[in-house]
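In what follows, a single structure is set out as structure tokens and then discussed.
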Amino acid sequence: MFIKICGITSEDDALLAVAMGADAVGFVFAPSSRQIAVKRAYDISRRLPPEILTVGVFRDEHPSRVIDLVHEAGLKA
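Numbered per our numbering, the sequence shown finishes at 102, counting up by one with no gaps.
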């Protein structure tokens, strides 16, 4: 089973998700109550174990902008 926890907004939440067995954590960049700044997502993702998949959630973004945000935030997908 593969488990992804989405809507991460803090390092504590990300580390808890990993400790509870998550294989991936997701960061919401689309407008929402769980939206996170790119810099914050970067800071969190770089503190996670390398085997954890970090992903972004986007809505109505141009593909080139999605690629830029993925790189800026240090995400794997």
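C-beta atoms are modelled at their ideal positions from N, C-alpha and C, and glycine is treated no differently. For clarity, every value in this text was computed on a predicted model and none was experimentally measured.
If you look at Ala49, you'll find it in the beta strand (DSSP E) that goes Ala49 to Val53. In the structure shown, the three-state DSSP call for Lys64 is helix. The region 89–96 makes no contact with the region 67–74; the number of CB pairs closer than 8 Å stays below 3. Pairwise C-beta distances place the region 75–82 in contact with the region 45–57, as three or more of them are shorter than 8 Å. Selection Ser57, Ala44 and Leu73 evaluated against Arg84 yields Ser57 as nearest (Cα-Cα).
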